[in-house]
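Written out below as structure tokens is the structure these notes cover.
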Amino acid sequence: MKVLITGAGGQLGGALQRLAPPYADLSAIDVDDVDLTDAGMLLARLSAEAPDVLINAAAYTAVDKAESDEELARAINADAVAIMAQAMEGQGGKLVHVSTDFVFDGKSSQPYKPGDARGPISVYGRTKAEGEDHVRASDILVRTAWVYEAGGANFVRTMIRLMKERDEISVVADQIGSPTWASGLARTIWGLIEKDASGTFHHSDAGEVSWYDFAAAIAEEAHTLGLIPKIPTINPITTAEYPTPAARPAYSLLDCSATRALLGDTPVPWRANLREMLKEEAALG
-17 MKVLITGAGG QLGGALQRLA PPYADLSAID VDDVDLTDAG MLLARLSAEA
33 PDVLINAAAY TAVDKAESDE ELARAINADA VAIMAQAMEG QGGKLVHVST
83 DFVFDGKSSQ PYKPGDARGP ISVYGRTKAE GEDHVRASDI LVRTAWVYEA
133 GGANFVRTMI RLMKERDEIS VVADQIGSPT WASGLARTIW GLIEKDASGT
183 FHHSDAGEVS WYDFAAAIAE EAHTLGLIPK IPTINPITTA EYPTPAARPA
233 YSLLDCSATR ALLGDTPVPW RANLREMLKE EAALG
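What the sequence shown shows, in the numbering used here, is residues -17 to 267, in sequence order.
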């Protein structure tokens, strides 16, 4: 099976390559290889690669910057997806597209199921929702949230840096969801491909947590592993106390039960995956 991965240099792109199964004849491209905003270049590369499966792990993810950069966010998050779906239609291949919890408005009181109504409240969320609309019924759409990986640019590593620099930090406590270790997400994506699945699926780590709770756990686990010299004071604050250009959903927990049932695996608690990631981070030095 010939598989092409976009976003090769990102957290998920790297995990997908590292955890690729033996049956995958793998190619991977990143921004230096193909400009996703150049339709002609993208179509030409997809035609030349002619993959059986195209995993789109590329995205414009600068949530706040997107508020003033909507054209570029849409070009990458939506228009490029339309081109990918068109190419796979013409070549008889399958598109695996990765989306986000930000397509929901955050007003729910229970975890979002794959078929729940969307209502994005930011440019990033809207452009990702538009990208989803180009995914065909025969393709795979995977929504995820709060992604992190050792060595990547993410909340976990930002917290570790701040905890080394400061004795006191403040973290938002009224936004609820669940983190996602990119390695676990990559395994789920490969599992869905192996099952020849189609439709919409959710994947995040098991459990419900706020950013504040996540930060507190990062501090405890990182200190145990010697990644930070001491645990700083962590103050819970409200979203209103930390205004950002883009609105965030207050509650964006994803219901992953259908994904777990199809793959026949056990949900892994977010803290267990955090611990594994931090062990990898410690090994990186």
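The beta carbon of each residue, even a glycine, is placed where N, CA and C say it ideally should be.
The structure presented is a predicted model; accordingly, all values stated were derived computationally and were not measured.
Member of the options whose CA lies at the smallest distance from the CA of residue i
i	options	result
Asp87	Gln157, Leu1, Lys76, Thr19	Gln157
His116	Ala57, Val105, Ala168, Ala10	Ala57
Arg143	Gly72, Gly134, Val78, Ile210	Ile210
Tyr5	Ala41, Arg169, Met(-17)	Met(-17)
Glu131	Leu77, Leu256, Cys238, Gly267	Leu256
Val63	Pro102, Thr(-12), Ala44, Cys238	Thr(-12)
Gly267	Gly208, Asp237, Tyr233	Gly208
Asn136	Gln73, Phe196, Ser91	Phe196
Trp193	Cys238, Asp46, Thr162	Thr162
Asp237	Leu77, Ser186, Gly74	Ser186
Val191	Tyr233, Lys177, Gly173, Leu174	Tyr233
Leu244	Ile151, Thr43, Glu176	Glu176
Val153	Met66, Ala198, Arg100	Ala198
Sequence-distant residues of its chain with Cβ nearer than 6 Å to residue i (five each side left out)
i	result
Asp12	Ala(-10), Gly(-9)
Glu49	Val105, Pro227, Ala228
Leu28	Ala69
Ala164	Gln(-7), Leu(-6), Ala(-3), Val129, Glu131
Glu52	Val105
Gly134	Gln(-7)
Nonlocal neighbours in the same chain, by C-beta distance under 8 Å from residue i, ignoring five residues either side
i	result
Met23	Val16, Asp17
Ala201	Met141, Met145, Ile210, Ile213, Pro214, Ile216
Asp46	Thr226, Pro227, Ala228
Ala264	Leu207, Gly208, Leu209
Whole-Å CB distance - residue i paired with residue j, under 8 Å assumed
i	j	result
Ala188	Pro251	5 Å
Asp83	Arg125	6 Å
Ala168	Leu1	5 Å
Ala204	Leu260	6 Å
Beta-carbon gap between residue i and residue j smaller than 7 Å
i	j	result
Ala39	Gly113	no
Gln(-7)	Val129	yes
Thr235	Pro93	It is worth fixing the name first, because residue 235 is Leu in this sequence and not Thr. A contact, by the Cβ cut-off of 7 Å.
Pro218	Ala155	yes
Leu(-14)	Leu36	yes
Thr182	Pro96	yes
Lys110	Val85	yes
Cross-strand partners of residue i (DSSP beta bridge)
i	result
Gly181	Ile122
Ser81	Arg125
Pro249	DSSP output for Pro249 lists no bridge partner at all.
Thr226	In the DSSP output, where bridge partners are listed per residue, Thr226 has none listed.
Gly159	Val191
Ser152	Asn217
Lys261	Beta-bridge pairing links Lys261 to no other residue.
Lys(-16)	Asp7
Asn38	Thr(-12), His79
Leu236	Tyr94
Tyr130	Trp163
Cutoff 7 Å; reference residue i; Cβ partners in own chain excluding five residues on either side
i	result
Ser180	Ala119, Ser120, Asp121, Ile122
Ile171	Leu(-2), Ile37, Val78, Val124
Proximity test, Cβ basis, 7 Å: residue i and chain D
i	result
Thr241	This model lacks chain D altogether, as it is built from one protein chain only.
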